[in-house]
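Residue numbers (our numbering), protein chains in the order written: chain A, 26 to 301; chain B, 26 to 301. Heads up, the beta-carbon is just placed ideally off N, CA and C, and yes, glycines get one too.
See below:
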């Protein structure tokens, strides 16, 4: 991998910033706000920022860059697709529960739903994320989509993923803005009490995390090499897991399946390597 | 150009969405709010959204994609760099005046400055944009930077540009959220009066504009070809402006300058073509 040291520094930074952001959102709701519960009150609302930060942002970020981790290159593309899809599925479930929490709270407190720009862009992001997940699995994980479709739609899949991820961070920034204006009354947001400063820093951390993930995801030189390249590399003694990796790459994704099913996947996987 | 029709549709959509966004922000301040003036009051504040939408978002978006317009390919790379830098400079001036307007208004109304996440990320974006402009001109417009620096920093220049542009849109969404909560009192934002719906739509238009600009800016196949490729194309009768284009590409950027100055630029321009 080119610039391996730079990759490690960027990845570690994203990891550290992500973990600090999770600590910040937890401290926000547990220390400054009324903790977590599922009671229709403010403690139920608090699941909204917690689940969205942990799942819809940090976990989605990890799902985006999972192909770029060099330690994952010994696993077949199919295995990595499963991991990519599973992480996104978990992030989606977090986002859905987070959305249910805020609707529940609004309904109990008789606050209208879906009036703010935050809610409009937020719900759009959840719906688009669901669509992205369904289309992604149908096109790239299941073996039925013709190769021409896979190739033609790959740039759209990649771009949509990054666009949704970025939008979710923008939605979180709007959410923080709303919540601090509504929750801080004495002193107010404009008086900059410690909670205001603390949660503003959480917002900055989310922007920074987004910036690091997008940097990693858009470096061409950090892409996962094609399975064929990896196979050649390992067959020539380039890897430590020579005996394990060869079969993993060349067979596990194809050979374990029935003949025609395996053949379609074999053809498609070969194509994926070219377009990804 | 590959997918020329798709390019035209995307570009036209960005143009239409951008113009509608400008109409929306003008209608917001002129019809729903107290118009425009420079009096320390709300009418002065209104320059803040108007200048930021028109300059810091729409104009910056145009500056980002200006190299991709095929009609610009008959002009030398140097000419296009001047246009790219000039558009960004105008957008920066808009952003600075927009920032002065809101500080002026806050000071007159005794509202604290710089307490919100909107103001933190917004000021950071203005400062980073200034830095980007100064570094961009120093590295790529002036002829002094060594070629190795130009090449090494080009990915950073491109990424920072897109990152700042995206951040500014996120800042605008936070600004809209804040302003609608503060400005709408009877009926409130949560009661969804016409102004709330109208300005929420403005927010969606900005997200859409950002999405279209980022799509155009990240398509590799829509990049400006190197000057050498263009020159060959036109010399072989590939263009309608054969006599005009050849000299424009090969001489205007280099030949008009003094010998040593021209030589450095010639070398650098050649390198730019390879890395851009």
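- For residue 80 (chain A), no alpha helix (DSSP H) encloses it, and the DSSP letter there is neither H nor E.
- Residues of chain A whose Cβ lies closer than 9 Å to the Cβ of residue 118 (chain B) do not exist, since the nearest Cβ in that chain is about 25 Å away.
- By the rule that beta-carbons nearer than 9 Å mark a contact, residue 240 (chain B) touches chain A.
- For a Cβ distance threshold of 8 Å, residue set 198, 228, 229, 232 of chain A lies close to residue 146 (chain B), ordered along the chain.
- By the criterion of a C-beta distance shorter than 8 Å, residue 182 (chain B) is surrounded in its chain by 157, 160, 161, 164, 165, once the five residues flanking it on both sides are discounted.
- Taking every protein chain shown into account, the CB of residue 44 (chain A) has fewer than 16 other CB atoms within 10 angstroms, so this residue is exposed.
- With a cutoff of 9 Å on beta-carbon distance, residue 76 (chain B) and residue 68 (chain B) are scored as not near each other.
- For the region 32 to 54 of chain B, no residue has a beta-carbon sitting nearer than 8 Å to a beta-carbon of chain A.
- Of all residues in the region 132 to 143 of chain A, the ones placed with a Cβ closer than 7 Å to any Cβ belonging to chain B are 136, 137, 140, 141, 142, 143, in chain order.
- Within chain A, the C-beta atoms nearer than 7 Å to that of residue 236 (chain B) come from 188, in chain order.
- Under the Cβ distance rule, residue 93 (chain A) does not count among the residues neighbouring chain B, no pair being separated by less than 9 Å.
- Annotation: Cβ neighbours of residue 214 (chain B) in chain A (cutoff 7 Å, chain order): 140, 141.
- For residue 225 (chain B), the closest Cβ of chain A is nearer than 9 Å.
- Going by DSSP, residue 52 (chain B) is part of the alpha helix (DSSP H) stretching over 29 to 52.
- The alpha-carbon of residue 251 (chain A) is positioned some 18 Å away from that of residue 168 (chain A).
- Counted as a single uninterrupted DSSP element, the stretch harbouring residue 210 (chain A) is not any alpha helix (DSSP H), since DSSP gives it neither H nor E.
- Sequence-distant partners of residue 201 (chain B) (beyond 5 residues in either direction) whose C-beta falls short of 6 Å from its own C-beta, in its chain, are 224, 228.
- Between the region 210 to 226 of chain B and the region 47 to 65 of chain B there are three or more inter-stretch CB-CB distances shorter than 8 Å, so the stretches are counted as touching.
- Proximity of chain A to residue 201 (chain B) at the Cβ level (cut-off 7 Å) is accounted for by 142, in chain order.
- Taking a contact as a CB-CB distance under 8 Å, the pair residue 112 (chain B) and residue 241 (chain B) does not count as one, their CB atoms being some 15 Å apart.
- With a cutoff of 9 Å on beta-carbon distance, residue 189 (chain B) and residue 235 (chain B) are scored as not near each other.
- The residue from B:130, B:192, B:217, B:180 with its alpha-carbon nearest to that of residue 152 (chain B) is B:192.
- The Cβ-Cβ distance between residue 141 (chain B) and residue 203 (chain B) falls below 9 Å.
- Counting only runs of 3+ residues, no beta strand (DSSP E) is found wholly inside the region 150 to 186 of chain B.
- With a threshold of 9 Å between beta carbons, residue 243 (chain A) makes contact with chain B.
- By the rule that beta-carbons nearer than 9 Å mark a contact, residue 194 (chain B) touches chain A.
- Three or more pairs of CB atoms, one per stretch, sit closer than 8 Å, so the region 77 to 84 of chain A contacts the region 108 to 126 of chain A.
- DSSP, read as helix, strand or coil, puts residue 57 (chain A) in helix.
- CA-to-CA, the gap between residue 129 (chain A) and residue 65 (chain A) works out to about 6 Å.
- Non-local C-beta neighbours of residue 72 (chain B) in its own chain, meaning closer than 8 Å and more than five positions away in sequence, comprise 61, 63, 122, 123, 126, ordered along the chain.
- For residue 196 (chain A), the CB contacts under 7 Å within the same chain, skipping 5 residues up- and downstream, are 143, 146, 147, 150 in chain order.
- Within chain A, no C-beta atom comes less than 7 Å from the C-beta of residue 251 (chain B); the nearest is roughly 18 Å away.
- According to the DSSP assignment, residue 105 (chain A) belongs to the alpha helix (DSSP H) that extends over 102 to 134.
- For residue 225 (chain A), the enclosing alpha helix (DSSP H) covers residues 219 to 243.
- Between residue 205 (chain B) and chain A, the shortest Cβ-Cβ separation is below 9 Å.
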